[in-house]
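Numbering (the numbering used here), first residue to last: 48 to 549.
Worksheet for the structure shown next.
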Amino acid sequence: MGLLTDHVAAPVNALLGNMVHAAAGQAFLEWTRYRDAGELHRQLVVPEEASDRRTFDATMQCAARIAITHSISQGAAERIVDTAVALRDRLPKVAECLRDGKLAPRYVRVIVERTDLVLDREDQQVVDTEIAAALRRRGSWSPSRIRDMVDRSVYRVDPDAVRARRKAAVDARGFWTEPLADGMARVEATSTAEKAIQISRRVDALARAVCDKDGRTLAARKSDAHFCLVMGVAWECQCGSDDCDAPTIDDAAPAPRTMPGTGSSMTLHVICDLETVAGDGETPCFLDGYGVISPAHLDELLTEPGVTIAPIGHSDDPLAPHTPGNPYRPSTALDTVVRARSLYCDVAGCERPAWVCDIDHVREYDHDNPCAGGQTCPGNTGSKCRLHHNLKTHTDFLDDQTIGRDGRITSVIITPEGLTVAGPAFDGTDLFPALKDIRFTAPQNAPTAPGPAEEPAPTRRRPRLADKHARRQTEREHNCRTRETEEQARASDPANDELPPF
Ligand SMILES: [Zn+2]
Ligand SMILES: [Zn+2]
48 MGLLTDHVAA
58 PVNALLGNMV
68 HAAAGQAFLE
78 WTRYRDAGEL
88 HRQLVVPEEA
98 SDRRTFDATM
108 QCAARIAITH
118 SISQGAAERI
128 VDTAVALRDR
138 LPKVAECLRD
148 GKLAPRYVRV
158 IVERTDLVLD
168 REDQQVVDTE
178 IAAALRRRGS
188 WSPSRIRDMV
198 DRSVYRVDPD
208 AVRARRKAAV
218 DARGFWTEPL
228 ADGMARVEAT
238 STAEKAIQIS
248 RRVDALARAV
258 CDKDGRTLAA
268 RKSDAHFCLV
278 MGVAWECQCG
288 SDDCDAPTID
298 DAAPAPRTMP
308 GTGSSMTLHV
318 ICDLETVAGD
328 GETPCFLDGY
338 GVISPAHLDE
348 LLTEPGVTIA
358 PIGHSDDPLA
368 PHTPGNPYRP
378 STALDTVVRA
388 RSLYCDVAGC
398 ERPAWVCDID
408 HVREYDHDNP
418 CAGGQTCPGN
428 TGSKCRLHHN
438 LKTHTDFLDD
448 QTIGRDGRIT
458 SVIITPEGLT
468 VAGPAFDGTD
478 LFPALKDIRF
488 TAPQNAPTAP
498 GPAEEPAPTR
508 RRPRLADKHA
518 RRQTEREHNC
528 RTRETEEQAR
538 ASDPANDELP
548 PF
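As structure tokens, this is what we get:
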């Protein structure tokens, strides 16, 4: 398959190239599996399909053959057959993308599920063609961008089906708990996207209200914060030190306004065309932190209290790219256009939503001679999450970006060894082509006050491996102390003798 035969001491770029090549090979092998499952279905199921009323029908038996030969569950095998049939009958061009290594196997099911409400044969062909064309573009994908790209196609082609499906989904919202192994349990709730974003932001904000010596992971703190919010119990940092500067929040739920990051206003950003706001657009909209939503969903959001509509670029006058006094700082208009255009962090595969990202000067701004450096203009600004912004600032990763004649942004990221990786294959201009028409005035070139001094690269308190060892050691010590305390308690109180030794 043209893979490296000797990997030992191979150059970094050869190893990376080989891994990418192997991933394309995996896609090809996955395609052969679906092709063959589709053929099994054609031979075994199709002849019986119209009349088969048996409980153990041909579909079930076809899947059972696959399940038994692969040692997988009946359900998993039925999903393979279902996916194979979808690729064969309604997504043949998408299937070819899988064959050619243009589609990662993990995205296949997402595409199949999100297109299965399109029933009309011609609509199916339009959707298949559009998705395949997008997958063959140069550029990178992430789960969110794949989902948005597929939704955009489906929402445009078959808005009625989307509406019906959404109503059913809203009606089916609910709340569950599910026991897990090791004395754990999962709490799950489904709600409208906007409610879920608000809950997640509040949980996140509370979880971050600790000092950096708190030993819990962010995920564990979020779990604790969720409990505190629902139960209205106190939240505090668990560093155990006396000079901790994190706030103690006595009563998390009843007084949310006193909590960090969760004042009375919580802003959700929705991008849409003005016609859609006016009620006569059929183009899908985009909810930051969620993805594509339908015009009907937008109508619901517009009835919520406190909605502000901020039109951008609706007049013929070009907009200012930076604030009047400071050519370094992006204007509100540029800030919004860049985020709407990026949808997420611009780095390949990154999923951070645009409105929690930083606006980054792709080429560094030169404060002494703005003409020489990267200016504050649409072509030189992008959205980067804090991690990727810092990766670029403090390491040898580089990026570059150009706006083509067609108004499309082309961005690349370059690894320290010089491997160039294309930026997103799908962005906000695919959802809102009008973004490409928004004009900005030329940036001012007067020298400005020196910018913020470059911060030294952040360092770890100790290497990652040492950190891991230290965490293990702390856990062991903690377990040991707990055991000792319990033993002492039992020893000092004879009545405790009957207590089981936990
Ligand atoms: Zn603390
Ligand atoms: Zn990122």
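Think of the CB as a built atom: it goes at the ideal place given N, C-alpha and C, for glycine as much as any other residue.
With 16 or more other CB atoms across the displayed protein chains lying within 10 angstroms of its CB, Leu334 is buried. Going by DSSP, Trp282 is part of no beta strand (DSSP E) at all; its letter is neither H nor E.
Taking Arg82 as reference, the option from Gly64, Cys144, Asp99, Pro58 with the minimal CA-CA separation is Cys144. Our two residues, Ala74 and Ala124, have alpha carbons roughly 18 Å apart in a direct line.
Note that the C-beta distance between Ala232 and Phe222 is not below 9 Å. Judged by the Cβ position, Leu182 fails to qualify as a neighbour of ligand 2 at the 8 Å threshold, every heavy atom of the ligand being at least this far.
Per the coordinates, the alpha-carbon of Leu166 lies some 24 Å from the alpha-carbon of Leu91. According to the DSSP secondary-structure assignment, Lys431 is paired through a beta bridge with Asp405. Under a 10 Å Cβ-count criterion, Ala216 is classified as exposed, with fewer than 16 other Cβ atoms of the shown protein chains found around its own Cβ.
If the five residues before and after Arg185 are omitted, its C-beta is found closer than 6 Å to the C-beta atoms of Ala469, all from its own chain and listed in chain order. In this structure, the straight-line span from the alpha carbon of Pro331 to that of Ile193 is close to 15 Å.
Less than 9 Å divides the Cβ of Arg376 from the Cβ of Thr423. Contact check for Cys258 against Asp292 passes: the beta carbons are separated by less than 9 Å. Using a cutoff of 8 Å, the CB of Cys284 counts as near ligand 1, since one of the ligand's heavy atoms is closer than that. Ile450 sits close to Gly426, with the two beta carbons spaced by under 9 Å.
In the DSSP assignment, Phe333 is bridged to Ile318, Val339. Cys392 has its CB nearer than 8 Å to a heavy atom of ligand 2. In the DSSP assignment, Asp447 forms a beta bridge with Val459. For Pro139, the enclosing alpha helix (DSSP H) begins and ends at 139–146.
Residue environment for Phe473: buried (at least 16 other C-beta atoms within 10 angstroms of its C-beta). Using a cutoff of 8 Å, the CB of Cys258 counts as near ligand 1, since one of the ligand's heavy atoms is closer than that. Excluding its 5 nearest sequence neighbours in each direction, Arg210 has C-beta neighbours in its own chain below 7 Å: Ser341, Ala343, listed in chain order.
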